[in-house]
Amino acid sequence: MSKFFQRHKVNNLIVFTVVALTLVFAFPIYKIVRWKMYIWLPDYISQNWHKSEKVQGIKHIMFIFVDHYEPGTGDKGVKVNREWLANYKALADKHRDSYGRKPQHTWFYAYDHHNGGVMSDLSRAVYAGYGEIEFHWHHGHDTNESFKRELGEGIKWFNHYGALIDTSGKVSFGFIHGNWALDNSGEQKHCGVNREMDILKKAGCYADFTFPAFGNSSQPSKVNSIYYALDDDRNKSYDAGMDAKVGVKNSKDLLIFEGPLSFAEYGAVELDPYPNQKKMSLSSFS
Numbered sequence: 000m001s002k003f004f005q006r007h008k009v010n011n012l013i014v015f016t017v018v019a020l021t022l023v024f025a026f027p028i029y030k031i032v033r034w035k036m037y038i039w040l041p042d043y044i045s046q047n048w049h050k051s052e053k054v055q056g057i058k059h060i061m062f063i064f065v066d067h068y069e070p071g072t073g074d075k076g077v078k079v080n081r082e083w084l085a086n087y088k089a090l091a092d093k094h095r096d097s098y099g100r101k102p103q104h105t106w107f108y109a110y111d112h113h114n115g116g117v118m119s120d121l122s123r124a125v126y127a128g129y130g131e132i133e134f135h136w137h138h139g140h141d142t143n144e145s146f147k148r149e150l151g152e153g154i155k156w157f158n159h160y161g162a163l164i165d166t167s168g169k170v171s172f173g174f175i176h177g178n179w180a181l182d183n184s185g186e187q188k189h190c191g192v193n194r195e196m197d198i199l200k201k202a203g204c205y206a207d208f209t210f211p212a213f214g215n216s217s218q219p220s221k222v223n224s225i226y227y228a229l230d231d232d233r234n235k236s237y238d239a240g241m242d243a244k245v246g247v248k249n250s251k252d253l254l255i256f257e258g259p260l261s262f263a264e265y266g267a268v269e270l271d272p273y274p275n276q277k278k279m280s281l282s283s284f285s
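First residue of the sequence shown? That's 0 in numbering that gives the first Met the number 0, and the numbers climb one at a time after it.
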């Protein structure tokens, strides 16, 4: 009888162990599947396995804040923008970098909001030395041809306010694709353009700043990187590419400039994932 109870005890222990291990691994597995982390985890693990090269001497730290700027349409949008600018200018005037320059904010203004009043005020802020304006766009149900035409119209609209042009008068802009659908990587209603990167590059786009796209299928498998993506007739052509290197030029392909992504952080500054010290430490990569 004692052997029976001992065997029964061992069986219960095995069952308990299996259940415990299942519970331990169930949540991480659920999280990986739920948030589509399987897309980028292999590259993330590989990068962390190989430590980056240590830099000797003075390190120059550049903090890049990509603002998906959407103050709104109509008079309400103008009011929100003016209040935001007033608060920002008061803050920026108190600080200078090592070169004596005040913080430079980058407004990736949503072209589909098409608010001339907002753009006029932003343009004045740029002229006063508070930042710069870049191209942000939610578009969909497009083709290569329609996108090229509409992009040209959008550039002209921005140019009217002195935006998206360099000191020589040449068109030059950074880009954010609304709805995380660059190169038709999402639903057709959010893009439809398989040659989007090539069209952007030829129009004067120097880099795309759409990503990371945590929990979205448009997230590249290449993570925490600054790289050149070769466009082709397939969607999501940016899924892989060649890392940007100092002294190596690439005038043909579009530069993909990714923000930070990890298990605990995806680089967003919103009402929920508010900025804090932990976010700052996790948001740096070589």
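Ideal Cβ placement from N, Cα and C applies to all residues, glycine included.
Pairing A162 with L199 gives a Cβ-Cβ distance that is not under 9 Å.
From the listed residues V77, L253, G185, the smallest Cα separation to S171 is found for L253. Between T209 and L229, the gap from beta carbon to beta carbon reaches 9 Å or more. Each residue's CA atom was taken as its position, placing A124 and H94 some 16 Å apart. In the three-state scheme derived from DSSP, where H, G and I count as helix and E and B as strand, F213 is classed as coil.
In this chain, the beta strand (DSSP E) harbouring E133 covers 130-136.
Note that the stretch 136-149 does not touch the stretch 98-105; fewer than 3 beta-carbon pairs, one per stretch, sit closer than 8 Å.
Nearest C-alpha to S216 among H138, V32, F262: V32. The three-state reading of DSSP puts H159 in helix, counting H, G and I together. A distance of 9 Å or more separates the beta carbons of K188 and G151. In this structure, G214 places its C-beta atom within 9 Å of the C-beta atom of K35. Taken in chain order, the whole beta strand (DSSP E) runs of length 3 or more contained in the stretch 186-230 are 204-207, 225-228.
Residue range 73-91 is occupied by the alpha helix (DSSP H) that includes V79, with no beta strand (DSSP E) assigned at that position. Linking I57 to R194 through their CA atoms gives a straight-line distance of about 41 Å. With a beta-carbon spacing of about 16 Å, N158 and V117 fall beyond the 8 Å limit used to define contacts. Following the DSSP letters along the chain, one finds D66 in no alpha helix (DSSP H) but inside the beta strand (DSSP E) bounded by residues 65-68.
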